[in-house]
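K.L.:
I have a structure I would like to understand better, so I am pasting it below and will then ask my questions one at a time.
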Amino acid sequence: ECADAKCFQEAFPSVPLVGFWAGGEIGPQAFAECTPSEATRTGNAAFQGFTAVFGIFRAPKPSRGTLLTTLGDDDIPAHIGMTFSRLAQEARERGNAAFRGGDHENAALQYSRAVDLSAVPSAAIGSSERAVILSNRAAAHLKKDLRAALRDAEAAVELDHSNIKAHYRKAQALVGLSRTEEAAASLRAAAELFPQEKVIADLLAKVEKQGRR
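Here the sequence shown stands for residues 710 to 922, where the numbers follow the numbering used here.
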């Protein structure tokens, strides 16, 4: 018997332990038996979207009319995936709106939610779209956290090497961190991939000029 489950039941003796997940994504079976508002948690757990970062989660018995209770077992993963995908897109759009409004902190928060939701396998979000979200978060981080911006831009490039903005933002972060030689090398590689991209060529020229000083 799981010790954490036992502790949960001791703390909440009147609560039936229907679905139990710790340290990872809440699985389809547990999720199928509750609506989002019914999900509860205990301990120092973070609950973003439907992903348990750590902690103990309990899904009560389904309310009548809960859509997932009407689906067959084979249909549940696809339905959950559609939900995650929609929530990720909505978070991304909120991030875009916040970024356009100059609220970069909130933009980064919304993009982080989109990153978490899009990383759930059942969401079936492609690598190129995930790269866009990471690249967008990199842009939001450029204002306050250059190291975080660099991590996101590098991750975006790794997911989709054809993402021009990710290459550009990676170079921007490197320049901001005074790593001009690395920025120049990165931009030269990007210029070979995208010879027609003026923004890459212009930034490379600027960085090379700074390096000659």
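Ideal Cβ positions, reconstructed from N, Cα and C, are used throughout, including at glycine.
Roughly how many whole angstroms lie between the Cα atoms of alanine 800 and glutamate 906?
P.N.:
29 Å
K.L.:
Taking only the alpha-carbon atoms, compute the straight-line gap between isoleucine 834 and aspartate 825 and give it to the nearest angstrom.
P.N.:
11 Å
K.L.:
Mind checking whether leucine 851 and alanine 840 have CB atoms under 8 Å apart?
P.N.:
The beta carbons of leucine 851 and alanine 840 sit no closer together than 8 Å.
K.L.:
Nearest by alpha-carbon distance to aspartate 842: which of Lys853, Ala832, Ser831, Ser821 is it?
P.N.:
In the sequence under discussion, the amino acid at residue 842 is isoleucine, which differs from the aspartate named in the question. That would be Ser821, whose Cα lies nearest to the Cα of isoleucine 842.
K.L.:
Run the CB neighbour count on glycine 804, radius 10 Å, all protein chains shown included, and call it buried at 16 or more, exposed below.
P.N.:
buried
K.L.:
For serine 844, which residues in the same chain have their Cβ closer than 8 Å to its Cβ, ignoring the five residues on either side in sequence?
P.N.:
Around serine 844: Asp861, Ala862, Ala865, Asn872, Lys874, Ala875, Arg878.
K.L.:
Applying the 10 Å Cβ sphere with the 16-neighbour rule, what's the burial state of leucine 902?
P.N.:
Label assigned to leucine 902: exposed.
K.L.:
How many angstroms separate the CA atom of proline 904 from the CA atom of arginine 888?
P.N.:
23 Å
K.L.:
Please report how far the alpha carbon of leucine 912 lies from the alpha carbon of leucine 855, in whole angstroms.
P.N.:
Looking at the two C-alpha atoms, the distance is approximately 17 Å.
K.L.:
What does a CB cutoff of less than 7 Å around alanine 817 pick up in its chain, not counting 5 residues either side in sequence?
P.N.:
Arg846, Ala849, His850
K.L.:
Assuming alanine 892 contacts valine 908 under a Cβ cut-off of 8 Å, what Cβ separation, rounded to an integer in Å, is found between them?
P.N.:
Going by Cβ atoms, the distance from alanine 892 to valine 908 rounds to 14 Å, so no, they are not a contact pair.
K.L.:
Quick check: the Cα distance between arginine 897 and alanine 882, rounded to an integer number of angstroms?
P.N.:
16 Å
K.L.:
Does the separation of the CB atoms of alanine 797 and serine 831 fall below 8 Å?
P.N.:
no
K.L.:
Rounded to a whole number of angstroms, what is the C-alpha to C-alpha distance between glutamine 919 and alanine 900?
P.N.:
18 Å
K.L.:
Report the rounded CA-to-CA distance for arginine 921 versus valine 884, giving the unit in angstroms.
P.N.:
Distance between arginine 921 and valine 884, taken at the CA atoms: about 14 Å.
K.L.:
With a threshold of 6 Å on Cβ separation, who are the neighbours of histidine 813 within its own chain once the five nearest residues in sequence on each side are excluded?
P.N.:
Ala849, Lys852
K.L.:
Tell me the residue span of the alpha helix (DSSP H) that contains serine 887.
P.N.:
Taken as a continuous stretch (DSSP letters only), serine 887 belongs to no alpha helix (DSSP H), as it is neither H nor E.
K.L.:
Can alanine 823 and asparagine 815 be called in contact, C-beta distance under 8 Å?
P.N.:
no
K.L.:
Output the distance between the C-alpha atoms of alanine 914 and threonine 792, rounded to the nearest integer angstrom.
P.N.:
45 Å
K.L.:
Using the beta-carbon count (16 or more within 10 Å), is serine 837 buried or exposed?
P.N.:
exposed
K.L.:
So the alpha helix (DSSP H) leucine 913 belongs to, where does it begin and stop?
P.N.:
907-921
K.L.:
If we ignore side chains and look at the alpha-carbon of each, how far apart do alanine 910 and aspartate 869 end up?
P.N.:
Between the C-alpha atoms of alanine 910 and aspartate 869 there is a straight-line separation of about 20 Å.
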